[in-house]
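Inspection log for the structure reproduced underneath, given as structure tokens.
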Amino acid sequence: MSKISRREFLEGTGGALVIAAAVPRLVQAVPLATSTVPAETEAPAVPRTAIRLAVNGVDRRIEVEDRWTLVELLRDHLGLTGSKIGCDRGECGACTVLLDGRPVYSCSYLAVWVDGRSIQTVEGLAQGDRLHPLQEAFIEHDGPQCGFCTPGQLMSAQALLERNPHPTPDQVRAALSGNICRCSNYNRYVEAVLAAAAGSATAPGKP
Amino acid sequence: MTPLKSVGRATPRIDAVKRVTGTATYTGDIQLPGMLYARVLRSPYAHARIRSIDVSEAMAIPGVKAIITYRTCRVVWSSGDMRNKRYLFNNPVRFAGDAVAAVAASTRHIAEEAMRLIDVDYEELPFILDPEEALKPGAVEIQPGGNLSPNAKGEHEPEVYRRGNVDEGLRSADRVFEDRYTSVHLNNAQLEPRVSVAQWEGDKLTVYASTQGISNCRTDIAKDLQLPPEKVRVVCQYMGGGFGNKNQCHDFDLMAAVLAKKAGAPVKLEFTRKEDYTAVHGRWPTKQYYKVGVNRDGTLSAIQLRGYSGMGPYRKGVGGIAGVELYQCPNVETVIYPAYTNMAVSANYRAPAYPQGVFGIESLMDDIAYKLKIDPVEFRLKNLTRKHHDELPYTSSGLEDCLRRGAQAFEWKKRWHPPGADPGPIKRGVGLAMGAFGSSLGRSSAVIRLDSRGRFHLHVGVTDVGTGAKTTMALIAAEELGVPLEKLDVVSGDTDLCPYSVGESGSRTTNYTGDAVVQAARDLKRQLAEKGMPQGNEVRIASATLEPTLKDVARYSFAAHFVEVEVDTELGHARVHKYVAAHDSGRIVNPLTATSQVKGGATMGIGMALHEELLYDPGTGVPLNAGYYGARVMTHRDAPEVEVIFVETDDPYGPFGAKALGEPPIIPSVAAVANAIFNAIGRRIKDLPITRDKILGVVA
Numbered sequence: 503m504s505k506i507s508r509r510e511f512l513e514g515t516g517g518a519l520v521i522a523a524a525v526p527r528l529v530q531a532v533p534l535a536t537s538t539v540p541a542e543t544e545a546p547a548v549p550r551t552a553i554r555l556a557v558n559g560v561d562r563r564i565e566v567e568d569r570w571t572l573v574e575l576l577r578d579h580l581g582l583t584g585s586k587i588g589c590d591r592g593e594c595g596a597c598t599v600l601l602d603g604r605p606v607y608s609c610s611y612l613a614v615w616v617d618g619r620s621i622q623t624v625e626g627l628a629q630g631d632r633l634h635p636l637q638e639a640f641i642e643h644d645g646p647q648c649g650f651c652t653p654g655q656l657m658s659a660q661a662l663l664e665r666n667p668h669p670t671p672d673q674v675r676a677a678l679s680g681n682i683c684r685c686s687n688y689n690r691y692v693e694a695v696l697a698a699a700a701g702s703a704t705a706p707g708k709p
Numbered sequence: 017m018t019p020l021k022s023v024g025r026a027t028p029r030i031d032a033v034k035r036v037t038g039t040a041t042y043t044g045d046i047q048l049p050g051m052l053y054a055r056v057l058r059s060p061y062a063h064a065r066i067r068s069i070d071v072s073e074a075m076a077i078p079g080v081k082a083i084i085t086y087r088t089c090r091v092v093w094s095s096g097d098m099r100n101k102r103y104l105f106n107n108p109v110r111f112a113g114d115a116v117a118a119v120a121a122s123t124r125h126i127a128e129e130a131m132r133l134i135d136v137d138y139e140e141l142p143f144i145l146d147p148e149e150a151l152k153p154g155a156v157e158i159q160p161g162g163n164l165s166p167n168a169k170g171e172h173e174p175e176v177y178r179r180g181n182v183d184e185g186l187r188s189a190d191r192v193f194e195d196r197y198t199s200v201h202l203n204n205a206q207l208e209p210r211v212s213v214a215q216w217e218g219d220k221l222t223v224y225a226s227t228q229g230i231s232n233c234r235t236d237i238a239k240d241l242q243l244p245p246e247k248v249r250v251v252c253q254y255m256g257g258g259f260g261n262k263n264q265c266h267d268f269d270l271m272a273a274v275l276a277k278k279a280g281a282p283v284k285l286e287f288t289r290k291e292d293y294t295a296v297h298g299r300w301p302t303k304q305y306y307k308v309g310v311n312r313d314g315t316l317s318a319i320q321l322r323g324y325s326g327m328g329p330y331r332k333g334v335g336g337i338a339g340v341e342l343y344q345c346p347n348v349e350t351v352i353y354p355a356y357t358n359m360a361v362s363a364n365y366r367a368p369a370y371p372q373g374v375f376g377i378e379s380l381m382d383d384i385a386y387k388l389k390i391d392p393v394e395f396r397l398k399n400l401t402r403k404h405h406d407e408l409p410y411t412s413s414g415l416e417d418c419l420r421r422g423a424q425a426f427e428w429k430k431r432w433h434p435p436g437a438d439p440g441p442i443k444r445g446v447g448l449a450m451g452a453f454g455s456s457l458g459r460s461s462a463v464i465r466l467d468s469r470g471r472f473h474l475h476v477g478v479t480d481v482g483t484g485a486k487t488t489m490a491l492i493a494a495e496e497l498g499v500p501l502e503k504l505d506v507v508s509g510d511t512d513l514c515p516y517s518v519g520e521s522g523s524r525t526t527n528y529t530g531d532a533v534v535q536a537a538r539d540l541k542r543q544l545a546e547k548g549m550p551q552g553n554e555v556r557i558a559s560a561t562l563e564p565t566l567k568d569v570a571r572y573s574f575a576a577h578f579v580e581v582e583v584d585t586e587l588g589h590a591r592v593h594k595y596v597a598a599h600d601s602g603r604i605v606n607p608l609t610a611t612s613q614v615k616g617g618a619t620m621g622i623g624m625a626l627h628e629e630l631l632y633d634p635g636t637g638v639p640l641n642a643g644y645y646g647a648r649v650m651t652h653r654d655a656p657e658v659e660v661i662f663v664e665t666d667d668p669y670g671p672f673g674a675k676a677l678g679e680p681p682i683i684p685s686v687a688a689v690a691n692a693i694f695n696a697i698g699r700r701i702k703d704l705p706i707t708r709d710k711i712l713g714v715v716a
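Here the protein sequences come in this chain order: X and E.
Numbering of the first sequence is given in my numbering, commencing with residue 503 and proceeding in unit increments.
Numbering of the second sequence is given in my numbering, commencing with residue 17 and proceeding in unit increments.
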């Protein structure tokens with residue numbers, strides 16, 4: 503397990519807060535709210551649809567433009583910027599989220615299609631201050647180098663372990679094969695997923 | 017070497033929690049109130065003159081706030097071309113992807129719609145893609161003065177290095193080997209696409225950049241926009257990779273700033289993946305012609321290289337072809353012609369001049385060893401460099417140990433067989449190659465602030481592109497201060513809060529900024545000895561600005577890689593299934609992240625050896641396969657387990673003896689894979705990448 507807890511990390515970054523304060527605040531996600539994005543007053547009217555979805559366990563109603571992708575909704579309009587856009591065309595996997603538990607490329611899925619469905623993003627993995635065992639293993643085994651592909655690798659790994667709690671190394675590679683890491687830290691990611699799987703039987707909250 | 021307390025201990029990244037929880041703020045995650053979105057219109061032609069450009073229809077769309085073109089924006093992008101004046105928008109356009117206009121609008125959808133309504137009338141011009149062809153008489157002139165890019169003195173001359181007398185060395189040799197190797201243009205393809213957010217507050221410009229070096233990025237922006245440097249702030253807290261293509265400032269930083277000024281609102285400019293592949297830069301393609309003279313005893317008498325590097329139409333990179341310096345040899349001549357072409361621009365990509373050059377020289381040396389019936393490891397032990405250019409002593413060299421220890425761990429003697437001896441149809445084969453990379457020292461600064469709570473705040477101008485630089489700097493400071501890592505915060509990635517750092521390019525951060533951290537820590541210890549711990553509102557501030565140089569010595573990192581492949585001779589598919597990478601990077605500051613760097617670099621090189629290429633249509637000069645699938649980067653299923661060995665030499669320079677690490681791992685990888693394929697099938701493929709069609713072509 504990691505020697506750094508989330509709490510210790512946050513306490514240890516007093517200096518970094520200087521920077522955090524200097525960086526503009528991201529659009530804050532409003533829990534349990536009906537967030538309606540105001541129509542661009544001067545822009546030509548584009549078709550919109552009201553949808554309802556659960557994101558990381560929180561119910562949301564929102565009016566979306568029909569042309570928005572799911573990742574666009576999450577990042578630009580719900581303030582969930584953990585999911586990344588690496589290619590915006592279903593090649594790299596940085597935008598991977600779970601749709602009713604199954605991994606999808608959220609850049610290649612329209613926001614209107616998620617009406618009535620449930621989404622889990624990387625922001626929904628940790629329980630408060632307690633990191634998910636996969637997150638602990640990713641830290642311990644140095645999964646993220648630049649870290650840009652990491653949210654996608656995590657979500658694909660999460661989907662795998664949900665349906666196969668004890669995968670072989672080849673099963674891990676197959677499940678994560680849609681997630682490109684240009685730092686090419688593939689060995690570390692596989693190592694980390696296997697370690698999380700091996701530790702999961704004893705992790706708190708797991709049967 | 018004496019073991020240390022913090023340095024040398026495998027340590028998870030100090031910012032790892034943010035990286036795994038989606039809370040790390042990358043540039044594209046930044047949203048500012050009233051922010052506009054920008055898109056860039058690009059040339060569909062390899063070479064064309066713009067007869068006219070009409071933006072009126074695009075400008076009339078509600079939501080469009082600003083459009084700039086070569087007519088309305090005459091900003092020079094100085095780091096976009098080392099030799100010629102390159103504007104943000106140029107006429108003529110010189111490659112398919114050259115910027116023609118940029119649009120800022122209230123949403124990215126509107127910006128994209130507006131872009132489609134810009135009416136450009138092009139007059140197509142002849143184009144050329146091959147660097148050797150570009151230098152022949154009658155070739156279309158891409159830049160004024162001809163297609164041989166001028167040297168630093170402005171002369172249209174090739175880059176030449178000579179020692180001894182190469183003609184004499186070739187004449188006196190017992191045998192002379194002659195061959196040609198080629199490499200192609202491929203893209204850095206970092207996961208985070210280019211993005212920049214620019215905001216003006218009065219006359220102060222803040223650029224949230226995706227850059228490998230905030231300090232140099234700021235200097236460049238200030239120069240190109242003619243602002244005093246103190247009026248420019250560059251922020252980059254988390255960065256999604258670059259591998260050399262996010263050094264300095266880029267045209268998108270400047271375009272965002274110009275658009276933001278014109279529109280009176282902050283602007284986010286995002287590149288698509290296709291733009292990232294075709295419009296920025298990748299590795300320079302090369303053609304390499306070698307002659308090597310060998311003596312009866314297997315030592316070298318001469319190495320001659322004539323090389324051509326395709327730089328695209330702007331000289332953004334050096335264009336060298338490196339690798340010959342791996343060998344001891346009295347007579348050497350290298351003549352490199354960096355040529356303008358109408359391909360995508362070529363510049364820095366992880367060890368810019370090396371993997372393609374080392375592919376050439378290490379393939380050829382492997383061939384020579386085979387023809388002289390000398391074991392490839394023995395041949396290298398006999399001929400490897402003992403002094404840099406046979407002249408300057410190395411401050412430390414673990415090259416021989418990398419070969420010996422790597423060969424042992426790989427079980428070279430057991431695995432090697434005569435080339436092509438495996439009956440197949442799936443044939444195994446082994447190969448190796450060496451690498452070396454300069455580990456210089458130079459200008460950098462660091463500040464350490466100690467508060468009365470006993471917390472140390474280390475201010476360094478690094479951005480941490482994925483190398484683990486923040487953690488490395490913290491470990492170096494903790495070591496020198498003699499305090500646990502937990503007592504330290506690292507303040508980085510903001511030019512308003514951090515002193516100058518060289519930035520993460522040239523594998524220099526650990527050495528340059530690390531040395532400054534050591535000196536700042538010593539300064540702080542002196543102050544504490546004199547004045548004691550700060551009390552109440554007191555702070556102790558220590559700093560260092562260094563500009564060390566090396567005299568009469570050469571400082572290098574070294575490596576040797578060993579690879580086993582399986583080649584399916586019926587399908588043409590080559591697969592790496594065993595890999596040992598031995599590295600001398602001096603003392604390893606953080607073995608956890610250092611091992612990741614080596615694994616990643618080696619794996620990246622396998623992709624370059626086997627399948628990565630940006631393909632061009634010879635009929636139109638347009639790239640065909642931009643993107644991850646098309647250009648075939650490595651995936652989880654292609655990556656072998658890479659075993660990493662560190663040969664820790666005791667180097668007298670650098671922080672605690674650390675040498676360069678980030679770039680070396682990609683250097684030997686390409687050649688080692690190529691040599692393993694030769695050993696498997698008994699036929700040598702001399703043109704990268706070694707794709708299925710080429711393998712099937714020689715085994716049939």
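Positions of the beta carbon are idealized from the N, C-alpha and C atoms, including for glycine.
Do you know whose CA, among the options, lies nearest residue i's CA?
| i | options | result |
| --- | --- | --- |
| G477 of chain E | E:R459, E:L466, E:R469 and E:A494 | E:R459 |
| A26 of chain E | E:G314, E:G180, E:S612 and E:L566 | E:S612 |
| Y669 of chain E | E:G530, E:R556, E:Q551 and E:T561 | E:G530 |
| E659 of chain E | X:N681, X:A547, X:C597 and X:N687 | X:N687 |
| D467 of chain E | E:R249, E:C418 and E:M549 | E:M549 |
| N606 of chain E | E:L491, E:G376, E:M17 and E:N527 | E:L491 |
| G454 of chain E | E:K486, E:E586, E:F426 and E:G602 | E:G602 |
| Y306 of chain E | E:I604, E:F375, E:S456 and E:A272 | E:F375 |
Note down, in chain order, each residue of its chain lying with its Cβ closer than 6 Å to the Cβ of residue i, except the 5 sequence neighbours on either side.
| i | result |
| --- | --- |
| T294 of chain E | G113, A360, P639 and A642 |
| V71 of chain E | I83 and I134 |
| A659 of chain X | L636 and V695 |
| R577 of chain X | T583 |
| W432 of chain E | V446 |
Between which two residues does the alpha helix (DSSP H) carrying residue i extend?
| i | result |
| --- | --- |
| K239 of chain E | I230 to D240 |
| V182 of chain E | V182 to S188 |
| D382 of chain E | Y370 to K387 |
Between which two residues does the beta strand (DSSP E) holding residue i run?
| i | result |
| --- | --- |
| Q622 of chain X | S620 to Q622 |
| A118 of chain E | A115 to A121 |
| Y644 of chain E | Unbroken run through Y644 of chain E is the alpha helix (DSSP H), Y644 to A647; no beta strand (DSSP E). |
| K443 of chain E | I442 to G454 |
| E394 of chain E | E394 of chain E -> not in any beta strand (DSSP E); alpha helix (DSSP H) instead, spanning P392 to N399. |
If we ignore side chains and look at the alpha-carbon of each, how far apart do residue i and residue j end up?
| i | j | result |
| --- | --- | --- |
| T670 of chain X | G335 of chain E | 44 Å |
| R124 of chain E | A76 of chain E | 16 Å |
| P434 of chain E | I390 of chain E | 11 Å |
| A130 of chain E | A115 of chain E | 15 Å |
| Y572 of chain E | V310 of chain E | 26 Å |
| D292 of chain E | Y365 of chain E | 13 Å |
Once you ignore the five residues that flank residue i on each side, which residues in its own chain have a CB closer than 7 Å to its CB?
| i | result |
| --- | --- |
| K503 of chain E | G470, R471 and F472 |
| N106 of chain E | Y86 and D114 |
| L607 of chain X | Per the sequence shown, the amino acid found at residue 607 of chain X is Tyr instead of Leu. Correct list, in chain order: G592, G595, C597 and T598. |
Exercise for the section: Indicate whether the contact test is met: 3 or more Cβ pairs, each with one atom in the segment 510–530 of chain E and one in the segment 663–679 of chain X, closer than 8 Å. Expected result: no
Exercise for the section: Count the CB pairs spanning the segment 344–355 of chain E and the segment 178–196 of chain E that are closer than 8 Å, and state whether there are at least three. Expected result: yes
Practice task
May I ask you to verify whether the segment 319–331 of chain E touches the segment 400–409 of chain E, counting CB pairs closer than 8 Å and requiring at least 3?
Solution key: no
Problem - Inter-stretch contact at 8 Å, needing at least 3 Cβ pairs: the segment 355–373 of chain E / the segment 415–425 of chain E - result: no
Practice task
Evaluate contact between the segment 88–98 of chain E and the segment 139–147 of chain E, counting only Cβ atoms and requiring at least three cross-stretch pairs below 8 Å.
Solution key: no
Practice task
Inspect the CB distances between the segment 205–212 of chain E and the segment 270–286 of chain E and report whether three or more fall short of 8 Å.
Solution key: yes
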